[in-house]
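Enquirer: Protein chains in written order, with our numbering: chain Z, 2 to 527; chain P, 2 to 345.
We put the beta carbon where it would ideally sit given N, CA and C, even for glycine.
Okay, handing you the structure first.
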């Protein structure tokens with residue numbers, strides 16, 4: 002008999018970045034790198050687990066913007082180009098390193114990995130969302146949704162129509178992709194403001210997650226801390242994050258990813274090799290970028306040692322064992338304290354695995370294998386399964402919180418980004434006004450298209466990513482551009498609709514650029 | 002959050018590019034605008050003229066460009082956001098348990114109206130934010146538990162407000178204090194609730210009674226302090242310190258901040274550096290249909306029969322036989338460069 006549960010949550014998000022107007026767009030690489038280094042290795046790991054009949058559970062959010070990009074034909078084709086160029090580069094690398102066996106075998110490994118990426122990508126006809134759908138249909142993963150464009154809810158609370166729209170668009174998008182309703186949601190940045198659970202209930206969502214202090218500082222005090230979910234007054238369940246298990250993976254000091262056996266992120270041949278040689282594989286303007294081919298391990302000193310996959314694999318297995326051991330001890334201790342099976346919620350940014358921590362997907366695979374074969378104390382579970390088995394929980398109103406810097410809203414509300422809210426809020430107000438004006442008549446043709454596009458532009462402007470980048474204070478030009486661009490497009494649509502002078506060719510142009518959520522209905526914004 | 006990491010790698014790249022793109026794009030835009038206008042002007046004649054020649058197009062364009070049609074061409078897109086929206090409005094947002102943020106906008110008409118009512122004194126009045134504690138009540142303007150004023154710069158349009166206590170509800174008036182002490186409300190904000198900065202004092206019904214000690218341990222565990230969590234004031238202080246210094250509350254940030262942290266350290270330590278690597282290029286040519294092997298491994302020739310190979314060159318001696326066989330296997334040539342690298 003197990004004594005507790007472990008719920009691994011992977012939050013997968015990228016903002017909508019798609020620029021058909023440019024042949025090459027640097028920021029689109031965010032998606033391509035994530036596909037090669039994170040999503041495909043995870044798919045590979047899950048497939049292997051299924052093949053070996055290892056039972057596992059993992060909860061994954063796939064944000065609507067990420068799904069939209071992963072199933073966009075233009076970006077799919079650009080990814081094909083991207084991976085083919087990587088394969089070409091890997092071939093050259095195998096040749097170039099002929100007299101350096103310590104590197105050549107790595108070059109061969111990269112070549113094989115890239116070819117495998119392409120093969121998996123093509124197996125799903127370029128749309129790897131289908132892989133995650135299949136894992137969900139097989140009962141191994143629970144896919145939860147997220148706000149339509151990752152809007153940060155605590156700073157939208159004065160304009161709840163927009164929160165509603167973010168939720169409703171996300172839910173109907175999820176249904177169209179996965180053929181069922183989402184049970185849960187990953188609130189963008191874990192941002193929760195008391196009362197917003199009511200909006201989740203309206204959207205048919207049954208649970209969400211907060212950071213530890215969201216539950217621990219809730220009212221009244223949660224009897225079991227973060228080790229059991231609580232119900233909000235609306236009846237929506239809230240799962241609090243366990244920080245101990247999070248720290249083991251996230252922390253830069255004590256976390257696994259900093260181990261000296263693991264691959265060094267900052268030594269990429271895109272920066273290390275001779276310019277003329279690497280030129281065809283970096284940005285056409287000659288800007289050096291990461292290619293994904295990295296030959297060194299972290300080592301711990303300036304003299305980097307060549308990466309050793311065997312050494313790294315051993316360490317990965319050791320860390321998977323260590324993580325499991327710690328959860329077993331944690332669960333046993335809590336079980337004694339609570340007289341009830343504790344639930345450990347361990348959420349991670351999906352891209353932490355693979356993109357940042359190269360060995361991460363393998364670590365997760367090993368962890369699941371060990372949990373399946375080597376112990377009986379903990380059981381992997383999804384929130385839906387947990388609630389089905391444990392329907393009685395305490396009623397607590399969680400505290401406003403986020404998992405960002407300092408735990409609240411400061412990351413998205415400080416000197417460099419506070420100026421955006423005046424404009425975002427005004428746009429929300431105007432969108433509500435439009436939705437009200439045309440809620441009964443529901444016009445056809447170009448007017449309806451303009452109204453729907455207005456909502457798309459508003460949603461895109463609300464992505465928390467722009468405020469986040471602005472908050473970091475450097476290299477902010479792209480975030481400024483996107484914020485302004487979407488608000489300006491929205492404002493113009495608003496004015497054109499109001500003055501009955503819609504410019505159809507311009508509308509068609511921005512429809513083709515900001516083309517996500519084809520089924521959107523502006524009337525959800527009220 | 003992973004975005005930050007990626008962006009950090011690309012700081013310079015994006016910066017450089019953004020400026021380039023900006024320049025490039027505005028130029029492109031101008032071109033396409035004129036083009037599309039032409040298209041609208043004379044779809045048929047333009048087509049005809051194109052067959053005839055470029056000069057005719059130019060002439061035709063000037064011939065048909067009338068002011069009326071230019072008027073109907075698309076409005077140019079504004080490049081910047083407006084400074085305001087000509088309205089009277091104040092919005093209050095929560096930053097954390099101790100801070101709120103407010104922004105507002107007032108119109109000239111509002112002041113004009115006040116001037117009619119109170120006279121020119123409104124222009125010399127002190128501008129303040131009056132912060133009301135409205136916890137657990139329906140605020141009607143007079144029933145606040147308490148309030149305090151913050152004098153602000155007359156030209157300010159936003160402000161960070163230090164909340165006097167965590168876990169309370171607040172409402173803010175933008176107002177004027179006249180010389181005689183009278184307070185005039187210009188704008189009233191929405192009500193917000195700041196979060197608690199520690200566990201709730203409400204422990205609920207009897208059946209939900211939580212033994213202090215158990216909660217303390219669970220609380221400590223929740224923050225990853227393990228079994229040795231100190232109990233009582235000390236633990237709470239420690240948890241708070243760790244939580245709000247960002248060590249625990251922002252694991253994402255912490256893990257991303259590490260690379261920068263490391264770099265900063267390096268900078269402090271004066272790390273001058275030099276890296277030298279060598280690569281060798283072997284190139285040549287033969288009949289395009291010949292079969293060529295380098296160090297025993299077959300290579301692919303370009304269509305013109307040339308080839309180029311590039312190798313990382315470590316220290317030591319490399320013997321590189323290049324063998325070529327003619328397509329019919331009758332002719333055979335071998336050339337063997339020998340290269341030695343020595344690093345001193």
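Residues of chain P with CB under 7 Å from residue 427 of chain Z, in chain order?
Expert: On the first chain, residue 427 of chain Z is found 426 positions in, with the first residue counted as 1. By Cβ distance, chain P contributes 86.
Enquirer: Using a Cβ-Cβ cut-off of less than 8 Å, list which residues of the region 386-404 of chain Z approach chain P; keep chain order.
Expert: Result list: 395, 400, 401, 402, 404.
Enquirer: Could you tell me whether the Cβ atoms of residue 154 of chain Z and residue 170 of chain Z are closer together than 9 Å?
Expert: Numbered from 1 along the first chain, position 153 holds the residue referred to as residue 154 of chain Z. Numbered from 1 along the first chain, position 169 holds the residue referred to as residue 170 of chain Z. Not a contact, by the Cβ cut-off of 9 Å.
Enquirer: Looking at the C-beta of residue 272 of chain P, does it have a partner C-beta in chain Z at a distance below 9 Å?
Expert: Along the second chain, one-based indexing puts residue 272 of chain P at 271. It does: the Cβ of residue 272 of chain P has a partner Cβ on chain Z nearer than 9 Å.
Enquirer: What residues in its chain sit with their C-beta under 8 Å from that of residue 28 of chain P, if we drop five residues either side in the sequence?
Expert: As a first step, residue 28 of chain P must be located in the second chain, where it is residue number 27. In this prediction, residue 28 of chain P has a pLDDT of 39, which is less than 50 and means its spatial position is unreliable; nothing more can be read from the coordinates.
Enquirer: Which word fits residue 453 of chain Z, buried or exposed, when buried means at least 16 other C-beta atoms lie within 10 angstroms of its C-beta?
Expert: What you label residue 453 of chain Z is simply residue 452 of the first chain in a count that begins at 1. Counting Cβ neighbours within 10 Å, residue 453 of chain Z comes out buried, since at least 16 surround it.
Enquirer: State the Cα-Cα distance for the pair residue 282 of chain P and residue 280 of chain Z, rounded to the nearest angstrom.
Expert: Locating residue 282 of chain P in the second chain gives position 281, counting from the first residue. Locating residue 280 of chain Z in the first chain gives position 279, counting from the first residue. In a straight line, the C-alpha of residue 282 of chain P is about 16 Å away from that of residue 280 of chain Z.
Enquirer: Taking Cβ-Cβ distances below 7 Å as the criterion, which residues of the region 145-179 of chain Z are in contact with chain P?
Expert: Going along the region 145-179 of chain Z in chain order, one finds 155, 156, 159 with a Cβ nearer than 7 Å to chain P.
Enquirer: Per DSSP, residue 155 of chain Z forms a beta bridge with which residues?
Expert: Numbered from its first residue, the first chain carries residue 155 of chain Z at position 154. Paired residue(s): none; residue 155 of chain Z is not in a bridge.
Enquirer: Is there a C-beta anywhere in chain Z that falls below 9 Å from the one on residue 163 of chain P?
Expert: Here the question's residue 163 of chain P lines up with position 162 in the second chain. For residue 163 of chain P, the answer is no, since every Cβ of chain Z falls outside 9 Å of its Cβ.
Enquirer: Where does residue 542 of chain Z land, buried or exposed, given buried means 16+ other C-beta within 10 angstroms?
Expert: For residue 542 of chain Z there is no data in the structure shown, the boundaries of chain Z being 2 and 527.
Enquirer: With residue 342 of chain P as the anchor, note down where its beta strand (DSSP E) starts and where it stops.
Expert: Here the question's residue 342 of chain P lines up with position 341 in the second chain. Looking at the DSSP string, the run of the beta strand (DSSP E) that includes residue 342 of chain P is 339-342.
Enquirer: Which residues does DSSP list as the beta-bridge partners of residue 381 of chain Z?
Expert: Along the first chain, one-based indexing puts residue 381 of chain Z at 380. According to DSSP, which records beta bridges pairwise, residue 381 of chain Z is partnered with Z:7.
Enquirer: Is residue 231 of chain Z near residue 219 of chain Z, with beta carbons less than 9 Å apart?
Expert: Along the first chain, one-based indexing puts residue 231 of chain Z at 230. Along the first chain, one-based indexing puts residue 219 of chain Z at 218. In this structure, residue 219 of chain Z lies closer than 9 Å to residue 231 of chain Z by Cβ.
Enquirer: Pick helix, strand or coil for residue 258 of chain Z, following the three-state DSSP scheme.
Expert: Taking the first chain and counting its residues from 1, the one referred to as residue 258 of chain Z is at position 257. Helix.
Enquirer: Is the CB of residue 1 of chain Z under 9 Å away from at least one CB in chain P?
Expert: One cannot answer for residue 1 of chain Z here, as it falls past the ends of chain Z, which runs 2 to 527.
Enquirer: Under 9 Å between C-beta atoms, does residue 408 of chain Z make it to chain P?
Expert: Residue mapping note: residue 408 of chain Z aligns to position 407 of the first chain, counting from 1. Chain P, which has a Cβ nearer than 9 Å to the Cβ of residue 408 of chain Z, makes this yes.
Enquirer: Going along the chain, which residues of its own chain have a beta-carbon closer than 7 Å to the beta-carbon of residue 136 of chain Z, five neighbours each way excluded?
Expert: Within the first chain, numbered from 1, the residue matching residue 136 of chain Z stands at position 135. Excluding positions up to five away in sequence, the list reads 47, 142.
Enquirer: Quick check: the Cα distance between residue 177 of chain Z and residue 462 of chain Z, rounded to an integer number of angstroms?
Expert: Position 176 of the first chain, counted from the first residue, corresponds to residue 177 of chain Z. Position 461 of the first chain, counted from the first residue, corresponds to residue 462 of chain Z. So the two alpha carbons sit approximately 23 Å from each other.
Enquirer: Which runs of the beta strand (DSSP E) at least 3 residues long sit entirely within the region 157-245 of chain Z? Give them in chain order.
Expert: DSSP runs (the beta strand (DSSP E)) wholly in the region 157-245 of chain Z: 185-187, 208-211, 238-241.
Enquirer: Tell me whether the region 424-438 of chain Z and the region 373-388 of chain Z touch, counting them as touching only if at least three CB pairs, one residue from each stretch, are closer than 8 Å.
Expert: The region 424-438 of chain Z is not in contact with the region 373-388 of chain Z.
Enquirer: Does residue 106 of chain P have its Cβ less than 9 Å from a Cβ in chain Z?
Expert: The residue you call residue 106 of chain P lines up with position 105 of the second chain. For residue 106 of chain P, the answer is yes, since a Cβ of chain Z falls inside 9 Å of its Cβ.
Enquirer: Quick check on residue 293 of chain Z - is its C-beta less than 9 Å from some C-beta in chain C?
Expert: Included in the structure are the protein chains Z and P, with no chain C among them.
Enquirer: For residue 78 of chain P, name the three-state secondary structure that DSSP assigns.
Expert: Taking the second chain and counting its residues from 1, the one referred to as residue 78 of chain P is at position 77. Correct three-state label for residue 78 of chain P: coil.
Enquirer: In the DSSP assignment, what residue or residues form a beta bridge with residue 36 of chain Z?
Expert: Position 35 of the first chain, counting from 1, holds the residue named residue 36 of chain Z. Answer by DSSP bridge pairing: none, since residue 36 of chain Z is not bridged.
Enquirer: For the region 304-333 of chain P, list every residue whose C-beta sits within 9 Å of some C-beta in chain Z, in sequence order.
Expert: So the list reads 310, 311, 312, 313, 314, 315, 317, 319, given in the order they occur along the chain.
Enquirer: Taking CB distances under 9 Å as the criterion, tell me whether residue 92 of chain P reaches chain Z.
Expert: In the second chain, residue 92 of chain P corresponds to position 91, counting from 1. Judged by the 9 Å Cβ criterion, residue 92 of chain P is in contact with chain Z.
Enquirer: Whose C-beta lies closer than 6 Å to the C-beta of residue 299 of chain Z among residues of the same chain, with five residues either side of it excluded?
Expert: Residue mapping note: residue 299 of chain Z aligns to position 298 of the first chain, counting from 1. Same-chain partners within the cutoff: 261, 263, 265.
Enquirer: Could you give the DSSP three-state label for residue 285 of chain P: helix, strand or coil?
Expert: On the second chain, residue 285 of chain P is found 284 positions in, with the first residue counted as 1. Of the three classes helix, strand and coil, the one that applies to residue 285 of chain P here is strand, per DSSP.
Enquirer: Determine the extent of the beta strand (DSSP E) in which residue 17 of chain Z is found, giving its start and end residues.
Expert: Your numbering for residue 17 of chain Z matches position 16 in the first chain. Element bounds for residue 17 of chain Z: n/a, residue is neither H nor E.
Enquirer: Could you tell me which residues DSSP puts in a beta bridge with residue 101 of chain P?
Expert: For the purposes of this step, residue 101 of chain P is taken as the residue at position 100 of the second chain. DSSP, once it has assigned bridges, lists P:95, P:162 as partnering residue 101 of chain P.
Enquirer: Assuming residue 488 of chain Z and residue 82 of chain P make a contact with CB atoms under 8 Å, what is their CB distance in whole Å?
Expert: Reading the first chain from its first residue, position 487 is the one you call residue 488 of chain Z. Reading the second chain from its first residue, position 81 is the one you call residue 82 of chain P. Yes, residue 488 of chain Z and residue 82 of chain P are in contact; Cβ-Cβ is about 6 Å, under 8 Å.
Enquirer: Establish whether the CB of residue 278 of chain Z and some CB of chain P are separated by less than 9 Å.
Expert: Your numbering for residue 278 of chain Z matches position 277 in the first chain. At least one chain P Cβ lies under 9 Å of residue 278 of chain Z.
Enquirer: Can you tell me whether residue 59 of chain P is buried or exposed? The criterion is at least 16 other CB atoms within 10 Å of its CB, across all chains shown.
Expert: Within the second chain, residue 59 of chain P is the residue found at index 58, counting from 1. The predicted model places residue 59 of chain P with a pLDDT of 47, which falls under 50 and marks its position as unreliable; any figure quoted below should be read in that light. Exposed, because fewer than 16 other Cβ atoms sit within 10 Å of the Cβ of residue 59 of chain P.
Enquirer: Expressed to the nearest angstrom, what Euclidean distance is found between the alpha-carbon atoms of residue 298 of chain P and residue 339 of chain P?
Expert: For the purposes of this step, residue 298 of chain P is identified with residue 297 of the second chain, where counting begins at 1. For the purposes of this step, residue 339 of chain P is identified with residue 338 of the second chain, where counting begins at 1. The alpha-carbon atoms of residue 298 of chain P and residue 339 of chain P are separated by roughly 17 Å.
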